[in-house]
Amino acid sequence: MTPLDSDRPAQDTAYDAIVIGAGPAGLTAATYLGRFLRKALVLDGGRSRASWIPESHNTPGFPHGVGGEALLDRLRDQADRYGAERRAGRARTLLRGADGFVLAIDQENADAPVIARAPFVLLATGVVDRLPVLEGVEDAIRAARVRLCPICDGYEASGQRIAVLGDGEHGAREAAFLTTYSPAVTLLDLRPDAPMEGEREGDGAFERLPVSLADITLGPDGVMVGDRTFDCLYPALGFDSQQALAQQVDAARDADGRLVVSAHQQTSVDGLYAAGDVVRGLNQIAVATAEAAIAATDIHNRLRALARPG
Ligand SMILES: Cc1cc2nc3c(=O)[nH]c(=O)nc-3n(C[C@H](O)[C@H](O)[C@H](O)COP(=O)(O)OP(=O)(O)OC[C@H]3O[C@@H](n4cnc5c(N)ncnc54)[C@H](O)[C@@H]3O)c2cc1C
């Protein structure tokens, strides 16, 4: 008996494709599938990483910047315009059977799980940042005092006193990267026995300061560490890739734990595609939307092939 059999479904609907996740990747795929005249379900499981963005200045087509929520509103509007069925709910269980995928969805106001079926599924479930436990961290992200993506907004921190909070090599790499923008970069190192030297070959110098989280205060005018003040803080504590559904169907991962995908974004499981942050190391909107376009087009072409007689 599987989790899918254990409840009498509140609803059971077949689709051409199911898109799990409604961030930039999922919503872009929804637009493409809608414009290919496909019956697609888009599951919106809650907060997209993009909703944290105070203002993005590297998203193509927005030379004066765009807020994350404003961008998501546009993407939702575009997906809705072409008929994708967008629904709030969390995908709970994914099974691969002889006729395709069966998905159990936890949906508000449904007594039993809702079932959706499709020959193709696109995972666009993203990642969740590991945030430091600091009072006011969410407000500080909205105010761009805590920043989460040096590639996205290192430019905006040019010339500032930048702190990077790390507990390993990842922190050192981010600090080195940020010396592109400022000569005043300090790695706040949570490891008590951290090496003191900060310079890395080929990059500018950065300072290393051993700290504990209790030393750090997020204030309205900056980030205070003892008697030092920084203009912004980049936590470099990593993120958790939202791959639970892929693991339920045994999709292969590489040595770094990333989902393995083909040139058309298909995972090692036939019919299961993945796009956006859940796949790549370069977690960017432009990458998420491009991968979604590639995946949606391949899904459409395979649906065309399935419909051909013989
Ligand atoms: C502070 C900040 C600033 C950033 N600035 C920029 C920038 O300037 N430029 C740039 O290019 N990028 C920026 N990024 C990165 C950008 O937000 C991500 O690359 C982008 O959101 C990835 O899109 P995605 O669709 O892959 O994932 P997400 O946007 O994270 O969307 C994933 C969606 O899947 C849903 N989901 C997960 N699991 C389930 C489930 N089981 N069932 C149903 N739904 C599920 C989630 O709820 C979410 O809605 C920034 C990120 C942060 C945090």
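Going by the working numbering, 287 is the number at position 249 of the sequence shown; the sequence numbering is gapless. For each residue, glycine too, the CB sits at the ideal point set by N, CA and C.
Are the CB atoms of valine 307 and aspartate 288 within a distance shorter than 8 Å? Your numbering for residue 288 matches position 250 in the sequence shown. Your numbering for residue 307 matches position 269 in the sequence shown. Their beta carbons are under 8 Å apart, which means aspartate 288 touches valine 307 by this criterion.
The segment 64-72 in contact with the segment 323-335 per 3-pair CB rule at 8 Å: Output reads yes: the segment 323-335 touches the segment 64-72.
By how many angstroms is the C-alpha of isoleucine 153 removed from the C-alpha of threonine 51? Taking the first residue of the sequence shown as 1, we reach residue 51 at position 13. Taking the first residue of the sequence shown as 1, we reach residue 153 at position 115. Their backbone Cα atoms lie some 6 Å apart in a straight line.
Relative to the alpha-carbon of alanine 195, which residue among Gly260, Lys77 and Thr97 has its alpha-carbon at the smallest distance? To locate residue 195, count along the sequence shown from 1; it is residue 157. Answer by Cα proximity: Gly260.
How about valine 175 and leucine 256: are their beta carbons less than 8 Å apart? Residue 175 sits at position 137 when you count from the first residue of the sequence shown. Residue 256 sits at position 218 when you count from the first residue of the sequence shown. The Cβ atoms of valine 175 and leucine 256 sit closer than 8 Å to each other.
Taking 8 Å as the CB-CB cut-off, is aspartate 227 touching chain C? Absence of chain C from the displayed structure is noted, only one protein chain being present.
What do you reckon, is the C-beta of arginine 87 under 7 Å from a heavy atom of ligand 1? The residue you call residue 87 lines up with position 49 of the sequence shown. Remark: the C-beta of arginine 87 is in contact range of ligand 1, defined as less than 7 Å to any heavy atom.
Between the Cα of leucine 310 and those of Tyr53, Arg130, Phe158 and Ala129, spot the shortest distance and give me the residue it belongs to. If you number the sequence shown from 1, residue 310 lands on position 272. Closest option to leucine 310, judged by alpha-carbon separation, among Tyr53, Arg130, Phe158 and Ala129: Phe158.
Counting only runs of 3+ residues fully inside the segment 42-115, write out the beta strand (DSSP E) ranges in chain order. Within the segment 42-115, the complete beta strand (DSSP E) runs of at least 3 residues are 49-52, 55-58 and 78-82.
Starting from glutamate 329 and walking both ways along the alpha helix (DSSP H), at which residues does that stretch end? Counting from 1 along the sequence shown, the entry for residue 329 is found at position 291. In the DSSP annotation of this structure, the continuous segment of the alpha helix (DSSP H) that includes glutamate 329 starts and ends at 323-345.
Taking the alpha carbon of alanine 78 as the reference point, which residue from Glu93, Ser94 and Gly59 has its own alpha carbon closest? One-based indexing of the sequence shown puts residue 78 at position 40. Closest by alpha carbon: Gly59.
Flag arginine 114 as yes when its Cβ comes closer than 7 Å to any non-hydrogen atom of ligand 1, and as no otherwise. In the sequence shown, counting from the first residue as 1, residue 114 sits at position 76. Outside the cutoff, so no.
Give the DSSP bridge partners of tyrosine 120, in chain order. Within the sequence shown, the letter at position 82 stands for residue 120. BP columns for tyrosine 120 are empty, so no partner.
How about leucine 222 and glycine 61: do their beta carbons lie closer than 8 Å? Along the sequence shown, one-based indexing puts residue 222 at 184. Along the sequence shown, one-based indexing puts residue 61 at 23. The residue you asked about is not leucine; residue 222 is alanine in the sequence shown. For the 8 Å CB-CB criterion, alanine 222 and glycine 61 do not form a contact.
If you draw a straight line from the C-alpha of arginine 73 to the C-alpha of aspartate 269, how long is it? Within the sequence shown, numbered from 1, the residue matching residue 73 stands at position 35. Within the sequence shown, numbered from 1, the residue matching residue 269 stands at position 231. Rounded to whole angstroms, arginine 73 to aspartate 269 spans 45 Å at the Cα level.
Can you list, in chain order, the residues of its chain whose CB lies under 7 Å from that of aspartate 205, leaving out five sequence neighbours each side? Position 167 of the sequence shown holds residue 205. Counting only Cβ-Cβ distances below 7 Å, and skipping sequence neighbours, we find Leu228, Arg229 and Leu275.
Just checking proline 273 against ligand 1 - is the residue's beta carbon closer than 7 Å to any of the ligand's heavy atoms? In the sequence shown, the residue the question calls residue 273 occupies position 235. Flag unset: Cβ of proline 273 not near ligand 1.
Quick check: the Cα distance between glycine 135 and alanine 55, rounded to an integer number of angstroms? Start at 1 with the first residue of the sequence shown, and residue 135 comes out as number 97. Start at 1 with the first residue of the sequence shown, and residue 55 comes out as number 17. Cα to Cα, glycine 135 sits roughly 15 Å from alanine 55.
Is the beta carbon of glycine 264 within less than 7 Å of some heavy atom of ligand 1? If you number the sequence shown from 1, residue 264 lands on position 226. Ligand 1 has no heavy atom closer than 7 Å to the beta-carbon of glycine 264.
What residue from Ala129, Arg85 and His102 has the CA that sits closest to aspartate 111's CA? Counting from one through the sequence shown, the residue named residue 111 turns up at place 73. The option with the nearest alpha carbon to aspartate 111 is Arg85.
Express the C-alpha separation of glycine 314 and arginine 183 in angstroms, rounding to a whole number. As a first step, residue 183 is located in the sequence shown; it is residue number 145 there, counting from the start. As a first step, residue 314 is located in the sequence shown; it is residue number 276 there, counting from the start. Each residue's alpha carbon lies about 26 Å from the other.
Hey, out of Ile254, Ser220, Asp253 and Pro258, whose CA is closest to glutamate 245's CA? By 1-based counting over the sequence shown, the position of residue 245 is 207. Selection Ile254, Ser220, Asp253 and Pro258 evaluated against glutamate 245 yields Ser220 as nearest (Cα-Cα).
With a threshold of 7 Å (Cβ to nearest heavy atom), would isoleucine 58 be considered close to ligand 1? As a first step, residue 58 is located in the sequence shown; it is residue number 20 there, counting from the start. For ligand 1, at least one heavy atom lies less than 7 Å from the Cβ of isoleucine 58.
Length at least 3, wholly inside the segment 261-302: the beta strand (DSSP E) runs in chain order: Runs of the beta strand (DSSP E) inside the segment 261-302: 266-268, 270-274 and 277-279.
Under the rule that 16 or more other beta-carbon atoms within 10 Å means buried, what is leucine 160, buried or exposed? For this step, residue 160 is matched to residue 122 along the sequence shown. By the neighbour-count criterion, in which 16 or more other beta carbons inside 10 Å mark a residue as buried, leucine 160 falls on the buried side.
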